[in-house]
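Everything in the sequence shown is counted per our numbering, starting at 477 for the first residue and increasing by one.
A quick write-up on the structure given underneath.
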Amino acid sequence: MSRIQFTYPVFSIRCLPAPVPELQLSMSRCVILILAFCVPATSLRGIEPPADAPFSPQGLVLWLDAADADVQQGKVARWPDRSGHENHVEQNDPDWQPARVDVGGQPAIRFAKSKLERNQLVGFLSGEQTFQIFLVMQAALQQQGSPRVVDLTSIGTSGNYSNKRKGFWVGYEDYALDPQSKGRLRVAVNIGAEGASDQVAWDGKRHLVEAVYAGNQRWALYQDGATSGHGRYRGDVGFLGFDRGSKLSLGHHYGKQEPENFFHGDLFEVLIFDHALTTRQQQQVGRYLTHKYQLSGSYAKPPTEPLVFEEHIQPLLTRRCADCHGMEKPESGLNLVDALGLFRGGSSGPAITPGNAQQSILLHIAGAKEMPPQDAGEPLSNQEVELLRRWIDEGAKTREPVDLVALANENKTDHWAFQRLRTPAIPNRATGQSINHPIDRFVDRKLAAQNLSLSPLANRTTLIRRAALDLTGILPTPQEVTAFVNDQSPQAWEALLTRLMQSPHFGERWARHWLDGVGYSDTVAIDNDQVIVKPARGKWKYRDYVVRCFNEDRPYGQFLIEQIAGDELVDWRSAPRFDDNIREKLVATGLLRCSPDDTDQGELNIFSNRYYVLHRTAESLAQNLLGLTMQCCKCHDHKFEPISQRDYYRFTAFIMPALQPRDWLQPQHREMRMLGKSELAELNQKRDQHKAALNQLRDAGRQILQGRAWDAIPEPIRADLVAARKVAKEKRDEIQKYLTDKLGDKFEFTAAQVTAALDESQRKEEKGLVQEIATLDRQEQGSWVQAIYDVGSRRPTFVLRRGEFETPGAEVQAGLFSALEDPEFPAPQTTPQGTTSGRRLQLAKQLTNWKSPAGALTARVRVNRIWQRLFEIGLVATPSNFGVSGVRPTHPDLLEWLTVSFVATDGKLKALLKQIMTSRTYRQQSFSDDSRLAKAARQADPGNQLLWRQRLRRLDAEIVRDTMLVASGHLDPTLGGPPAPTLNRPDGMVVEAGYDKVTEKTTWRRSMYLLQRRNYHPSVLQAFDQPLLTENCTKRDASASIAQSLMMLNDQFVGQQATALARRVIKQSTNKSDANAQMGMAFQLALARDVTDEERKWLIETFRDHKQRYVTKGQDTEAAHMSALTRVCQALFSTSEFIYVH
477 MSRIQFTYPV FSIRCLPAPV PELQLSMSRC VILILAFCVP ATSLRGIEPP
527 ADAPFSPQGL VLWLDAADAD VQQGKVARWP DRSGHENHVE QNDPDWQPAR
577 VDVGGQPAIR FAKSKLERNQ LVGFLSGEQT FQIFLVMQAA LQQQGSPRVV
627 DLTSIGTSGN YSNKRKGFWV GYEDYALDPQ SKGRLRVAVN IGAEGASDQV
677 AWDGKRHLVE AVYAGNQRWA LYQDGATSGH GRYRGDVGFL GFDRGSKLSL
727 GHHYGKQEPE NFFHGDLFEV LIFDHALTTR QQQQVGRYLT HKYQLSGSYA
777 KPPTEPLVFE EHIQPLLTRR CADCHGMEKP ESGLNLVDAL GLFRGGSSGP
827 AITPGNAQQS ILLHIAGAKE MPPQDAGEPL SNQEVELLRR WIDEGAKTRE
877 PVDLVALANE NKTDHWAFQR LRTPAIPNRA TGQSINHPID RFVDRKLAAQ
927 NLSLSPLANR TTLIRRAALD LTGILPTPQE VTAFVNDQSP QAWEALLTRL
977 MQSPHFGERW ARHWLDGVGY SDTVAIDNDQ VIVKPARGKW KYRDYVVRCF
1027 NEDRPYGQFL IEQIAGDELV DWRSAPRFDD NIREKLVATG LLRCSPDDTD
1077 QGELNIFSNR YYVLHRTAES LAQNLLGLTM QCCKCHDHKF EPISQRDYYR
1127 FTAFIMPALQ PRDWLQPQHR EMRMLGKSEL AELNQKRDQH KAALNQLRDA
1177 GRQILQGRAW DAIPEPIRAD LVAARKVAKE KRDEIQKYLT DKLGDKFEFT
1227 AAQVTAALDE SQRKEEKGLV QEIATLDRQE QGSWVQAIYD VGSRRPTFVL
1277 RRGEFETPGA EVQAGLFSAL EDPEFPAPQT TPQGTTSGRR LQLAKQLTNW
1327 KSPAGALTAR VRVNRIWQRL FEIGLVATPS NFGVSGVRPT HPDLLEWLTV
1377 SFVATDGKLK ALLKQIMTSR TYRQQSFSDD SRLAKAARQA DPGNQLLWRQ
1427 RLRRLDAEIV RDTMLVASGH LDPTLGGPPA PTLNRPDGMV VEAGYDKVTE
1477 KTTWRRSMYL LQRRNYHPSV LQAFDQPLLT ENCTKRDASA SIAQSLMMLN
1527 DQFVGQQATA LARRVIKQST NKSDANAQMG MAFQLALARD VTDEERKWLI
1577 ETFRDHKQRY VTKGQDTEAA HMSALTRVCQ ALFSTSEFIY VH
């Protein structure tokens, strides 16, 4: 048998052509080109791919050609890699080895219950990264099973990771319930979300197929050079990247042995790249494979003339997208009919990335058929999507040049958000309405320009419910509603607002908003395992600090300074005792402990994870406080924002001394006791004294018991027993064993026996000592908090090339983004207390200097978020993006005027809320009638951007639950404290601990006091969109789904509260059987308004139907009455009025 030698510059491969005759199979060749795109991995240094490859080999980490396989007796034990990385795939067990065959005169590796594997694919890093796979394969339709052609499995497979990080596979899945799925290629998360082609590949015909994972949960599939599927994985089942690199398996599902997991077919060639290829690069590979294997496909040589926007793309987008994304009032701020709009983007950022279609949002949304919406026309055809892809990959050429540098710096000095505050004049009255409030004047001016006006005021019942839920999240009582409705004085509304803001529940409501923004959870790590919960000791004290600050109406500047640099305001290190001020300042820094930190596990305490915590903390800080997205700048200058890579690391340098990766403290070692050195020493000394006294007292009791035991033992054997007890157990003779076995337990005493031996005064003393020790233990355990403080030495900060810590570049000093720098406001000189760098204090001072551009931006972002909480959408619709690529404010002068007013009151939240909520804009009704003006408003401004009516708003998930508890009378109003634990039931439901031990006296904590996890929320909250906090959240989703209706109808907790509400109604009724009166009372308690005659009639009919049914089933009249009323109460919980703010 001859050997053929292929020699490349840095390595050589030997392969044996197989003498085996071609096996006859009823299948023909197909080529599968699989692309999956994330963040580029780092190629190994010093290894170069083949120089004579027929396409650009840059980034090639695996190249397998069937002609190179090592064959022995027709079986393949090793398939060498010719990429230069030596990623050879092997199989040592002959029973699992595939065969090498000739198919049509070309070698192939035939898999039939066989597999080839590699324990680590060199060239891949941990995390979500770019990779692209090419396969040439041939397979007939498998009637059942889940064969994997390529399986990439994370090396780290501990239970601490969900299915989102186990890996990625390419293959086929048979779904008996979906016959149309047969034979279609799928690209998917290891066990989770899948993307499927709309074309059949397992059909015995020749195909060239591509599958793409494009990052950010986007995937795409292509067949024969044309689009065959685009989509986006859902976040709850999507891909979070690889854990500590990837294993590779060809031909089966890694770790599975079931027959249905094996691929049956032939592989001719396999290539894997560590980056995303452009269209031209893909064409090169496609033409190479098509020519080599004589395949048909549309991989023609690209035309020399590139596509031009005005000629090829603009007509398409104008025809298909202009209705929603035209020049005037484009949806989400995205204008798709001119080139500048595409490059600038909308609320989700730039629509395209020139030169890289797979990183362009527009391509994936169009390819996934998400846009245009179903009711707005047909989706783009595959040919039209391909046209977009080619244009973007060719660099997105335009006839009229788009200056990307100018766009990135667009308004760098003029961009509205980066300017100092200005005080706009309050407009004159624009319409004939009686409008005096400044806010209404600004809104009215915009409305008048469209011949529109504000809607009528909402009725007083609606207003008190709206105000109570907005300010406290607690429904008003029927008595409070009646009192407000009957109070017609001019001061009644303002007095109501004042009373609600004085409620301790005000701080809870507004703290929940803030905690969303900082990404707060009660746990430490990324929280990917439903069963394993890792609470962060004492972290809840930061939550209580935020509640306390909002109740006290702490000035926003002080609030920020304490959270960013509270530890630098007090000399806590040398303080012998911690007073309340020191404790408060340290607890406040919990803001910077809100990013997930997996380094608590030894194997994950690595530099890449440490840098992730550092960078994620800085990014969250910039996004939450400044409304700027800086993630893109970790690797390169921002393409559309005036933020450079240097800016990214300058900003990160502010917090580097506290989160220094080279002086890292794991989360469990960063915990801090709120006790000064003297306090801790005194506590330990006092506890030791109490323990010594307790031991002495108990020793006296043991001596009494021992004396009694000796007295009970016969005198002749006492000496022998004493001697036997002194001998080691294993060395005792038979007599000694007998004595100790029979009599030894007489000298072993329980704690209860020891206590009983003491006299009454001694027992009282013992009880006191035990209580004192327990109190001291609780004092020490309760003193732990999650704080931030500088650690280690003051190391320099470097720009990291491509964001990789292994390749540091130039050193930088801590500083703000250059676009926010102003020579009139240089970095302040600070005097931090104690031994600390003072960097975070410097940052806090800069962000709270309201006269500077940075301070002005900080204040604008805060005011916009407050407006958003009251109107659902902020004056700037992108609360986390105030940059050039964000949406411009709908009412810029109003935002500016409110911000000036906000800082004039020292950043007091309650003053701003009262200012907004006393406006007619806030108090107007949320529905539109059939009047001529309302019809004109709906036509001119269907999205209500001009605020001609108040918006109908869905309650936050926590308030839905809390409102049920308020209605039922079972809400525990206690503020603060450790989180209430939750349980994961076997059926997948997450519930509050004790759900199965509910009595008529059971009370429940507010939802914000339940254990706050990042991923696994209580099911009733998850149904109503409680956000996943793997990152911070500045704007919640508000979906309307069938799952919510089913939850309100079937959930055990909802049923318990409906029962409690029915019981409350009956208890408060004068006549326990008066259903008519009870319907009205239930309505008042659940919906905070009186029932109408029509609604009462409907409720009575429903009640009677249910009562009759229960009587028929054998319940007595009283029980049937209770059961029927419970069903009515649950129906009220299920109404849209219950879960919406009108």
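Idealized CB from N, CA, C, for every residue including glycine.
Contact under 8 angstroms by Cβ, residue i with residue j
| i | j | result |
| --- | --- | --- |
| residue 724 | residue 593 | yes |
| residue 1404 | residue 1414 | yes |
| residue 1601 | residue 1541 | yes |
| residue 1141 | residue 1149 | no |
| residue 623 | residue 738 | yes |
| residue 555 | residue 564 | yes |
| residue 1085 | residue 1075 | yes |
| residue 918 | residue 1373 | yes |
| residue 613 | residue 744 | yes |
| residue 1332 | residue 795 | no |
| residue 680 | residue 584 | no |
| residue 1245 | residue 1169 | yes |
| residue 688 | residue 678 | no |
| residue 660 | residue 647 | no |
| residue 1293 | residue 1119 | yes |
| residue 1534 | residue 1486 | no |
| residue 1576 | residue 1551 | yes |
| residue 1090 | residue 1137 | yes |
Where residue i falls, given that 16 or more other Cβ within 10 Å makes a residue buried
| i | result |
| --- | --- |
| residue 1398 | buried |
| residue 1583 | buried |
| residue 1214 | exposed |
| residue 916 | buried |
| residue 509 | Its pLDDT being 38, under 50, residue 509 is placed unreliably by the model, and the measurement read from it follows with that caveat. With 16 or more other Cβ atoms within 10 Å, it is buried. |
| residue 1174 | buried |
| residue 1187 | exposed |
| residue 1071 | buried |
| residue 767 | exposed |
6 angstroms CB neighbourhood of residue i in its chain, flanking five on each side removed
| i | result |
| --- | --- |
| residue 1559 | 1567 |
| residue 871 | 830, 831 |
| residue 986 | 1026 |
| residue 530 | 764 |
| residue 1618 | 938, 1402 |
| residue 926 | 1416 |
| residue 1429 | 1348, 1617 |
| residue 1646 | There is no way to answer for residue 1646, as the model of the chain reaches only from 477 to 1618. |
Identified DSSP bridge partners for residue i
| i | result |
| --- | --- |
| residue 1174 | Answer is none; residue 1174 lacks a bridge partner. |
| residue 647 | 624, 662 |
| residue 1287 | 1274 |
| residue 630 | 722 |
| residue 922 | According to DSSP, which records beta bridges pairwise, residue 922 is partnered with nothing at all. |
| residue 706 | 696 |
| residue 1468 | 1458 |
Other residues of its chain near residue i: CB distance less than 7 angstroms, five sequence neighbours each side excluded
| i | result |
| --- | --- |
| residue 1536 | 1444, 1445, 1446 |
| residue 1264 | 1043, 1065, 1068, 1069, 1134 |
Proximity test, residue i beta-carbon vs the ligand GTP heavy atom, cut-off 7 angstroms
| i | result |
| --- | --- |
| residue 1421 | Although the ligand GTP was asked about, the structure shown includes no ligands whatsoever. |
*asked:* Below 8 angstroms, how does it come out for the stretch 1518-1526 and the stretch 1113-1130: are there three or more Cβ pairs, yes or no?
replied: no
*Count the CB pairs spanning the stretch 1116-1125 and the stretch 1049-1067 that are closer than 8 angstroms, and state whether there are at least three.*
They do not touch, by the three-pair rule.
*Check whether the stretch 1019-1028 touches the stretch 1059-1068, taking contact to mean three or more Cβ pairs, one atom from each stretch, closer than 8 angstroms.*
yes
*With a cut-off of 8 angstroms, do at least 3 Cβ pairs link the stretch 1039-1052 to the stretch 1268-1281?*
no
*Spell out a yes or no on whether the stretch 1309-1326 and the stretch 1030-1042 are touching, meaning 3 or more CB-CB pairs, one atom from each, closer than 8 angstroms.*
yes
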